[in-house]
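Visitor:
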């Protein structure tokens with residue numbers, strides 16, 4: 103599965119291959135670092151694979167993670183074409 107940043111502070115149209123676990127946050131230690139977005143927590147969310155399914159999980163962030171415009175509060179499966187926001191960043195899931 104691949105991930106594309108559609109909109110973000112200092113990032114646009116970047117693409118990433120998802121690893122077994124991908125973290126997203128302001129920290130430079132995150133797989134995808136968004137250091138200049140003040141609405142993103144240090145380690146905001148993660149994407150992980152479990153038993154052949156890829157999930158998106160909010161890690162207790164202050165401003166939340168939104169999948170297809172709905173705030174998530176537990177790990178949810180990701181599918182091709184899904185869009186999610188973390189802070190001001192908009193992501194799209196692809197293959």
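Numbering (this note's numbering), first residue to last: 103 to 197.
Even for Gly, the Cβ is constructed at its ideal location relative to N, Cα and C.
Under three-state DSSP, which class holds residue 144?
Guide: Coil.
Visitor: Sort 143, 121 and 128 by Cα distance to residue 137 and report the nearest one.
Guide: The option with the nearest alpha carbon to residue 137 is 128.
Visitor: Considering only the beta carbon of each residue, do residue 185 and residue 165 sit closer than 8 Å?
Guide: It is not a contact, given that the beta carbons lie outside the stated cut-off.
Visitor: Could you check which residue in 117, 122, 152 and 103 has the C-alpha nearest to that of residue 135?
Guide: Among 117, 122, 152 and 103, the Cα nearest to that of residue 135 belongs to 117.
Visitor: I'd like to check one pair, residue 146 with residue 133: are the Cβ atoms closer than 8 Å?
Guide: Result no, Cβ atoms of residue 133 and residue 146 do not sit closer than 8 Å.
Visitor: Any idea what DSSP makes of residue 163, helix, strand or coil?
Guide: Residue state, collapsed to three classes: coil.
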